[in-house]
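In what follows, a structure is listed as structure tokens, so that the remarks can point back to it.
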Amino acid sequence: MRRAFVYLFAVAAGCGIGIGSALAMAGLLPGANPLAFGNVDVDGWRSDFAIGSEAADAYTRARVARHGLLALAKSEAVYFTRTTDDAGQPLREACTYRLTTGAMPAGWWSITLYNADSMLPDNDDAALSINAGQDMAARIGDEIVGQGVGATVAPRRPEGRGLWISSRNAGRFDLTLRLYMPNDALLTDPADVLRPPRIEPLACEVAA
Amino acid sequence: MRRWLGPVAVLALSAALVHAMTLYLAPGVIMARALDVLAQRGVALHDFTTPRRITPQTQAVVRSSPDLYYA
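These protein sequences, in sequence, are chains Y and S. So in my numbering, spot 99 of the first sequence is number 99, and the numbers just go up one at a time. So in my numbering, spot 32 of the second sequence is number 240, and the numbers just go up one at a time.
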């Protein structure tokens, strides 16, 4: 009888270890870092070119289902995500950032802000992304800071005519760069071809 | 010591099987939940539809793009 309980316990413990290890290794546990994966890293912008392909293993498929459901294959789009600024600090709502980017090796692109749950943050600012259709001189407020596209990432709309990505109610967040119809060269050698956006921290609010 | 070999082997086998099964089933379960949410919101499945632009208030799946027109 005691022997049977030992085997029963072994089965129950094995099931627990199996589920827990699978959820952890696939990034399915709450609070999992969406960047704890990937086979491409360009200046902190991480991607996984196996998404949507037969080369994707079971861990990648489960991770995509959790953090990037309905993601396209790399021939149609690739996704780069970054959770830290140029100083290496986590992106967070309390800070204001200057985002600048130039031409992208793709037919069209966009940059979107997501919270730690991989969802659009709960605000009604209608300012959660910028895209190639907004091509203009990189402008922060009314100051032209270079060629390409520039935007302020902040919880409140900045003064001036510049583009704005709202981080209101985002907490800790990430920025995801989507590159649609990517150039072949980008898929072959992303580190040499991609000049990823810069995320420069400007100021942070200190909690009272 | 030898009497523990059996239980340990059963534990390891159970863990490996459940680990693989969890990975295999997870995408389908998550996708089914997403489709349920869409159905609850009145989105016609397996049919042409013209949803409005995605907002934080209407998003149903992770990492929806507010720049795209989903159809």
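We put the CB at the ideal spot given by N, CA and C, even for glycine. Owing to the predicted nature of the structure, the values given are computational and were not obtained by experimental measurement.
Ile262(S) in three-state terms, based on DSSP: coil
Just to confirm my understanding: we take Val193(Y), look at its own chain, exclude 5 residues before and 5 after, and list those with CB closer than 6 Å. What are they? Pro105, Ala185 and Leu186
Out of Asp43(Y), Arg98(Y) and Ser166(Y), which one is the CA nearest neighbour of Ala126(Y)? Ser166(Y)
Hey, Leu113(Y) and Ala62(Y): beta-carbon distance below 8 Å or not? no
What is the C-beta distance between Pro196(Y) and Tyr97(Y), in whole angstroms, given that I count them as a contact (C-beta under 8 Å)? About 14 Å separates the two Cβ atoms, so there is no contact after all.
Assuming contact is defined by CB atoms lying nearer than 8 Å, are Phe173(Y) and Ala116(Y) in contact in what I supplied? yes
Spatial neighbours of Val78(Y) within its chain, please: CB distance less than 6 Å, with the 5 preceding and 5 following residues excluded, ordered by chain position. Ser47, Leu179 and Pro182
Endpoints, the beta strand (DSSP E) within which Asp41(Y) is located: Val40 to Val42
Starting from Cys15(Y), find everything on chain S with Cβ-Cβ shorter than 7 Å and list it in chain order. Ser222 and Val226
For Pro90(Y), the residue or residues it bridges with in DSSP: Thr84(Y)
With DSSP as the reference, please indicate the residues paired to Leu221(S) in a beta bridge. According to DSSP, which records beta bridges pairwise, Leu221(S) is partnered with nothing at all.
Give me, in chain order, the residues of the same chain whose beta-carbon lies closer than 6 Å to that of Phe80(Y); leave out the 5 immediate sequence neighbours on both sides. Trp45, Ser47 and Leu177
Between Tyr7(Y) and Pro235(S), is the Cβ-Cβ spacing less than 8 Å? no
Who are the near neighbours of Asp43(Y) in its chain, counting only those whose CB is closer than 6 Å to its CB and skipping five residues on each side? Pro196
Does Asn39(Y) have its Cβ less than 8 Å from a Cβ in chain S? no
8 Å is my cut-off, CB to CB: does Pro121(Y) come that close to chain S? yes
Of all the residues that make up the region 123–135 of chain Y, which are near chain S by a beta-carbon distance shorter than 7 Å? Asn123, Leu128, Ser129 and Asn131
For the alpha helix (DSSP H) containing Ala12(Y), name the first residue and the last one. Arg2 to Met25
Closer than 7 Å at the beta carbon, the chain S residues around Arg92(Y): The premise fails here: Arg92(Y) is roughly 18 Å from chain S at the closest Cβ pair, so nothing lies under 7 Å.
So Ala247(S) contacts chain Y; which residues on that side make the cut at Cβ distance below 8 Å? Those within 8 Å of Ala247(S) in chain Y number zero; the least Cβ separation is about 15 Å.
Contact belief for Arg92(Y) with Gly171(Y) at Cβ below 8 Å, rounded distance in angstroms: 7 Å
Can you tell me whether Tyr59(Y) is helix, strand or coil according to DSSP? helix
Cross-chain neighbours of Val218(S) in chain Y, by beta carbon under 8 Å: Tyr7, Ala10, Val11 and Gly14
Of all the CB atoms in chain S, is at least one closer than 8 Å to the CB of Ser47(Y)? no
Three-state secondary structure assigned by DSSP to Ile51(Y): coil
How about Gln267(S) and Leu72(Y): do their beta carbons lie closer than 8 Å? no
Taking 8 Å as the CB-CB limit, is Leu59(Y) close to chain S? In the sequence under discussion, the amino acid at residue 59(Y) is Tyr, which differs from the Leu named in the question. Chain S contact via Cβ: present.
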